[in-house]
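Trainee:
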Amino acid sequence: VLYGYPNGLMSYPLPGVVVPMWWAEGVAQYQSNAKRYDWWDSIRDMITRDRLYHDSFLSFTELNHFGKAGTGNESVYNQGFNFVHFLADNWGQAFLNRITQRLNSPTSYSFYAAVSAETGFSERQLYKFWTDSLRQAALPLTGARDLTPLHFIQRKGASNYEPRLSGDGKT
861 VLYGYPNGLM SYPLPGVVVP MWWAEGVAQY QSNAKRYDWW DSIRDMITRD
911 RLYHDSFLSF TELNHFGKAG TGNESVYNQG FNFVHFLADN WGQAFLNRIT
961 QRLNSPTSYS FYAAVSAETG FSERQLYKFW TDSLRQAALP LTGARDLTPL
1011 HFIQRKGASN YEPRLSGDGK T
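Residues 861 to 1031 (the working numbering) are what the sequence shown spells out, left to right.
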């Protein structure tokens, strides 16, 4: 404004809600039971189990943002998708809508406060519930950490062509 009113300008900072990356990506990939365009597949499951098995599962803090090397950023998508499914499975699909509605409120400034208000648990408690459930589900599949190549040779099948151990038993 070059002439006249307003003859003074003021600005007030109003913080918005910043959602963690796991939520943004998890909700983006989540599909309701009525629509099944994107789903949890064997590759996502393998990546999750591999990270659990090798103790490289993203921590709660790492899950909140991008900026990782290798498959780290992809794991934010993957683990976020799984975490959102965990929340929807335990609190219902409407939970996702209620969180969005809470974040749309002009008095809402914290994503995790909205989640805690809906679940009654802190974000760290939810993270622990989720990771404990994943470890429990993966335990029968990854329980034995002393796997050798012999565990992966099928005893029967057309594609093995009668594999045999070397004389020293190492290969």
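Ideal placement from N, C-alpha and C gives every residue a C-beta, glycine not left out. Every value quoted in this text rests on a predicted model; they were computed, and no experiment measured them.
Would you say W882 and F943 are within 9 Å of each other, going by their C-beta atoms?
Mentor: In contact: W882 and F943 (Cβ atoms closer than 9 Å).
Trainee: Using C-beta distances below 8 Å, list every residue in its chain close to R904, excluding the 5 sequence neighbours before and after it, in chain order.
Mentor: Result list for R904: N938, F941, N942, in chain order.
Trainee: Cβ of S993 within 9 Å of Cβ of F920?
Mentor: No, the Cβ-Cβ distance between S993 and F920 is not below 9 Å.
Trainee: Skipping 5 residues on each side, what residues in its chain have a beta carbon closer than 8 Å to that of A948?
Mentor: Hits under 8 Å: Y890, F955, L956.
Trainee: To test your reading of the DSSP string, which unbroken alpha helix (DSSP H) runs of 4 or more residues are found completely within the segment 904-972?
Mentor: As far as the segment 904-972 is concerned, its whole alpha helix (DSSP H) runs of at least 4 residues are 920-923, 932-951, 954-964.
Trainee: Measuring from the CB of V936, is there a heavy atom of the ligand GDP at a distance below 8 Å?
Mentor: With respect to small molecules bound, the structure shown includes none, and the ligand GDP cannot be examined in it.
Trainee: Are N983 and R962 touching if we call contact CB-CB under 9 Å?
Mentor: For the sequence presented, residue 983 should be read as Glu rather than Asn. For E983 and R962, no; Cβs fall outside 9 Å.
Trainee: Among the candidates P966, K1030, T960, Y987, whose CA atom is the shortest distance from the CA of A888?
Mentor: The candidate whose alpha carbon is nearest that of A888 is T960.
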